[in-house]
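Visitor:
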Amino acid sequence: MSAYDTPTETCPYCGDEMDTDWVDNGIGMVQCGPYHCQKCHASEIGPQLLDWYYKNREGHTIYLPGKRRYNSLLKKKVKWGTTPVLKSGPPFSEDELKTGYYKGKISPYANTVAGKLVDHQKDKQMYDIGLLDEKKI
Numbered sequence: 610m611s612a613y614d615t616p617t618e619t620c621p622y623c624g625d626e627m628d629t630d631w632v633d634n635g636i637g638m639v640q641c642g643p644y645h646c647q648k649c650h651a652s653e654i655g656p657q658l659l660d661w662y663y664k665n666r667e668g669h670t671i672y673l674p675g676k677r678r679y680n681s682l683l684k685k686k687v688k689w690g691t692t693p694v695l696k697s698g699p700p701f702s703e704d705e706l707k708t709g710y711y712k713g714k715i716s717p718y719a720n721t722v723a724g725k726l727v728d729h730q731k732d733k734q735m736y737d738i739g740l741l742d743e744k745k746i
């Protein structure tokens, strides 16, 4: 895989191919939007999921203690936290949390015009003339 490949994902809900917006930063391609399924309209959950995790005083995510596993560096079994602790009432269904994709809706962080997903080039044009959807995040 080269720096200029733009990989696709498989939709966890309908199995169709999902694509995302990519931009050339000079040394490769960088993802600049969520993966989105054109068939069932599933969309990748972005950074808003992090807002629903409990954090400690230093701002680090708190994890539920997992299974004890042997750590060769420490030469003993250690409990690893693998599941972040969610605050009550997150706007995600269990399926969405399990898959990491919204079911049938676009991520609130995505570039949209009149509720439709757009790429970064169209996004810039719409921003310049004031038609880009305002985000209420």
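Using our numbering, the first residue of the sequence shown is number 610, and each one after it goes up by one. All C-beta atoms in this analysis are idealised placements derived from N, C-alpha and C, irrespective of residue type, glycine included.
Reducing DSSP to helix, strand and coil, say where GLU667 ends up.
Guide: As a working mapping, residue 667 is identified with position 58 in the sequence shown. DSSP places GLU667 in coil when its eight states are reduced to three.
Visitor: At which residues does the alpha helix (DSSP H) containing GLN730 begin and terminate?
Guide: Along the sequence shown, read from residue 1 onward, the residue named residue 730 stands at position 121. Looking at the DSSP string, the run of the alpha helix (DSSP H) that includes GLN730 is 729–737.
Visitor: Looking only at its chain, what residues have a beta carbon closer than 8 Å to the beta carbon of THR692, apart from the 5 residues adjacent to it on each side?
Guide: Position 83 of the sequence shown holds residue 692. These residues qualify, in order along the chain: TYR672, LEU673, GLY675.
Visitor: What would DSSP say about GLU705, mapped onto helix, strand or coil?
Guide: Here the question's residue 705 lines up with position 96 in the sequence shown. GLU705: helix per DSSP, three-state reduction.
Visitor: Are the CB atoms of LYS707 and SER652 within a distance shorter than 8 Å?
Guide: Taking the sequence shown and counting its residues from 1, one reaches residue 652 at position 43. Taking the sequence shown and counting its residues from 1, one reaches residue 707 at position 98. No; because the gap between Cβ atoms is not below 8 Å, this pair is not in contact.
Visitor: What are the boundary residues of the beta strand (DSSP E) that includes GLY698?
Guide: As a working mapping, residue 698 is identified with position 89 in the sequence shown. Premise fails: GLY698 is in no beta strand (DSSP E) and is neither H nor E.
Visitor: Grab me the residues of TYR662's own chain with a C-beta within less than 6 Å of its C-beta, minus the 5 sequence neighbours each way, in chain order.
Guide: Here residue 662 corresponds to residue number 53 of the sequence shown, with the count starting at 1. So the qualifying residues of the chain are THR670, PRO693.
Visitor: DSSP three-state label for GLN647, please.
Guide: Locating residue 647 in the sequence shown gives position 38, where the first residue counts as 1. The answer is coil: DSSP assigns GLN647 none of H, G, I, E or B.
Visitor: Between the alpha carbons of HIS729 and GLU618, how many angstroms are there, rounded?
Guide: Your numbering for residue 729 matches position 120 in the sequence shown. Your numbering for residue 618 matches position 9 in the sequence shown. Approximately 19 Å between the Cα atoms of the pair.
Visitor: When you compare the CB positions of PRO621 and TYR710, do they come within less than 8 Å of one another, or not?
Guide: Translated into positions along the sequence shown, residue 621 becomes position 12. Translated into positions along the sequence shown, residue 710 becomes position 101. A contact, by the Cβ cut-off of 8 Å.
Visitor: With PRO674 as the anchor, note down where its beta strand (DSSP E) starts and where it stops.
Guide: Sequence index remark: in the sequence shown, residue 674 carries index 65 (1-based). Residues 672–680.
Visitor: Nearest CA to the CA of ASP630: which residue from CYS623, ILE636, GLN640?
Guide: In the sequence shown, counting from the first residue as 1, residue 630 sits at position 21. Checked all of CYS623, ILE636, GLN640; the closest Cα to ASP630 is GLN640.
Visitor: For a test of the three-state rule: what should DSSP assign to LEU659, helix, strand or coil?
Guide: As a working mapping, residue 659 is identified with position 50 in the sequence shown. Reduced to three states, the DSSP call for LEU659 is helix.
Visitor: Excluding sequence positions up to five away, which residues of its chain have a Cβ less than 7 Å from the Cβ of ASN634?
Guide: As a position in the sequence shown, residue 634 is number 25, starting the count at 1. If we look at ASN634 and ignore the five residues flanking it on each side, it has no Cβ neighbours.
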